[in-house]
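Residues in the sequence shown are numbered from 1 upward in steps of one, following my numbering. Here's the structure we're looking at; comments come further down.
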Amino acid sequence: LNINNFPTPTSMALPTTWKVPNLTPTVDNGLNITWLNSSMARIPAQFWTWNFDIQQQVTPSAVVTVRYIGIRGERLFSGLSRPNQINPSYLTSLGSAVLTSSSTSPAAVAAGIQNPYPGFSGTVQQALSPFPQYKTISVSQEHLGDSTYHALYLIFNKRYSSGLTMLASYSLSKMFTNADSYVSGSAAMNSFNLRLAKSLSQDDQTHLFRYSLTYELPFGKGRQL
1 LNINNFPTPT SMALPTTWKV PNLTPTVDNG LNITWLNSSM ARIPAQFWTW
51 NFDIQQQVTP SAVVTVRYIG IRGERLFSGL SRPNQINPSY LTSLGSAVLT
101 SSSTSPAAVA AGIQNPYPGF SGTVQQALSP FPQYKTISVS QEHLGDSTYH
151 ALYLIFNKRY SSGLTMLASY SLSKMFTNAD SYVSGSAAMN SFNLRLAKSL
201 SQDDQTHLFR YSLTYELPFG KGRQL
């Protein structure tokens, strides 16, 4: 079993993280472990933005703007993958009763289930998992999340001769993502189909209205007073 030691020039050392072995049933047996995917940790998040707007001057001092904004986020921090999850096809081929039974039960023996290594003691589901010596494997520094944002803005801007400016806007938007799992700490129910984990974002604000007034004081050089 290999250990990653991360030297750092500061006094605060990064924590040691175990690498997931291929199959070593002699260390951390039956425990929940964390795997640092170092190759994925070096991938930065990226965002693609596109927009266009149409402006119309309705009066000499007022402008109306209609604007569309789209944003696509990729490689976002997430906690989606479950490296130790079995293939969902076993639910239909074996059934939940066999999966939750002992690997040495008559039903498991009849289904042809074999222990992954000598001395294994667990359920059929654990025996069929990629790393049966562990219960769960959580991934640190995962960048599998993505998001989509679409918004329509209506903006009204009016300037008054007395130094008063009014700005009002209304936006109708939707944001979908699967990266909320990084905040909630919940993994995807099905790591084999991450599209199922994408839903309405916790940060979604469908309707948003903003209104502001700005007044320039008539004091100072070039002003009335």
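For every residue, glycine included, the Cβ atom is placed at its ideal position computed from N, Cα and C.
Helix, strand or coil for residue i per DSSP?
i	result
Leu213	strand
Ala168	strand
Arg67	strand
Gln126	helix
Arg42	coil
Ser96	helix
Below 6 Å CB to CB, which residues in the same chain sit around residue i once its five sequence neighbours on both sides are set aside?
i	result
Thr165	Arg159 and Thr214
Val139	Trp35, Asn37 and Ser81
Ala151	Ile69, Ser171 and Ser173
Using a threshold of 7 Å, state whether the C-beta atoms of residue i and residue j are closer than that.
i	j	result
Phe156	Val64	yes
Ala127	Pro118	no
Gln46	Arg75	yes
Leu91	Ala111	no
Ala179	Gly220	no
Phe131	Thr148	no
Compute the Euclidean distance between the alpha carbons of residue i and residue j, then round it to the nearest angstrom.
i	j	result
His143	Asn87	22 Å
Ala168	Tyr134	56 Å
Asn2	Leu208	In this prediction, Asn2 scores a pLDDT of 35, lower than 50, which makes its location untrustworthy; the coordinate-derived value is nonetheless stated afterwards. If I take the Cα positions, the gap works out to 51 Å.
Ser254	Ser101	Since the first residue shown for the chain is 1 and the last is 225, residue 254 is missing from the structure and cannot be characterised.
Asp53	Gly73	21 Å
With a CB to CB cut of under 8 Å and the five nearest residues on each side skipped, what residues in its chain are close to residue i?
i	result
Thr206	Leu172, Ser173 and Lys174
Phe192	Gln85, Asn87 and Pro88
Enumerate in chain order the residues of its own chain whose CB-to-CB distance from residue i is below 7 Å, with the five nearest sequence positions on each side excluded.
i	result
Tyr211	Ala168
Any contact of the stretch 187-194 with the stretch 78-93, i.e. 3+ C-beta pairs under 8 Å? Yes, the stretch 187-194 touches the stretch 78-93.
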